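Engineer:
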Amino acid sequence: MRTRTICLIAMCAALAACNSKSSEPAEATAESAGQTAEAAAAAPAAAIKPAPEGLPSRIAREVITAGQHKCDGVAKAERNAEDGSIVASCTSGESYRIYTVDGEGPVATKL
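Count along the sequence shown from 1, then add 120; that gives the number in the numbering used here.
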């Protein structure tokens with residue numbers, strides 16, 4: 121029982137430290153926020169590549185299913201000539217864009 125009490129006190133102290141406000145002046149915080157925004161703008165976005173090669177309806181069905189998205193069946197799937205992504209419409213009305221992300225592989229995002 122004593123160990124549990126000590127652990128509880130330690131956790132409360134850690135939470136209090138996490139929730140405490142910094143002692144920096146507001147100007148310094150505004151400056152660092154501006155620098156953070158600049159750094160985010162300069163940082164490269166995740167590299168998005170075309171969807172895998174193959175029949176668009178088959179690729180769409182496989183990627184949507186692998187992502188555990190709701191889709192009763194692919195009614196229509198077309199490859200975008202500009203970026204190589206696939207836009208797929210499901211029989212139940214949902215639409216998804218399928219593309220490849222570096223480090224993740226093929227991804228389906230709901231439109």
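Note that beta-carbon positions come from the ideal geometry of N, C-alpha and C, so glycine has one too.
What you are looking at is a predicted structure, and each value in this text was computed from that prediction instead of being measured.
Using 8 angstroms for Cβ pairs, my map puts residue 228 next to residue 168. What's the rounded Cβ distance?
Structural biologist: The pair is not a contact, with the Cβ atoms about 13 angstroms apart (cut-off 8 angstroms).
Engineer: Going by alpha carbons, who is nearest to residue 231 out of 221, 193 and 210?
Structural biologist: 210
Engineer: Taking residue 215 and residue 192 to be in contact with their CB atoms under 8 angstroms, please state how far apart those CB atoms are, rounded to whole angstroms.
Structural biologist: Their Cβ separation, rounded to whole angstroms, is 13 angstroms, which puts residue 215 and residue 192 out of contact at 8 angstroms.
Engineer: Sorted by chain position, which residues of the same chain lie with C-beta nearer than 8 angstroms to residue 221's C-beta, five sequence neighbours on each side aside?
Structural biologist: Only 166, 167, 168, 169 and 227 meet the Cβ criterion.
Engineer: Taking Cβ to Cβ, would you say residue 206 is nearer than 7 angstroms to residue 180?
Structural biologist: Yes, Cβ-Cβ distance for residue 206 and residue 180 is below 7 angstroms.
Engineer: Measuring only from the beta carbon, is residue 204 closer than 6 angstroms to any heavy atom that is part of the ligand ADP?
Structural biologist: This structure lacks the ligand ADP; in fact it carries no ligand of any kind.
Engineer: Tell me which residues share the same chain as residue 196 and place their Cβ nearer than 6 angstroms to its Cβ, disregarding the 5 neighbours each side in the sequence.
Structural biologist: 209
Engineer: Taking only the alpha-carbon atoms, compute the straight-line gap between residue 178 and residue 218 and give it to the nearest angstrom.
Structural biologist: 11 angstroms
Engineer: For the alpha helix (DSSP H) holding residue 180, just list the boundary residues, first then last.
Structural biologist: 176–186
Engineer: Name the one or two DSSP bridge partners that residue 225 has.
Structural biologist: 221
Engineer: Per DSSP, which one or two residues make a beta bridge with residue 210?
Structural biologist: 194
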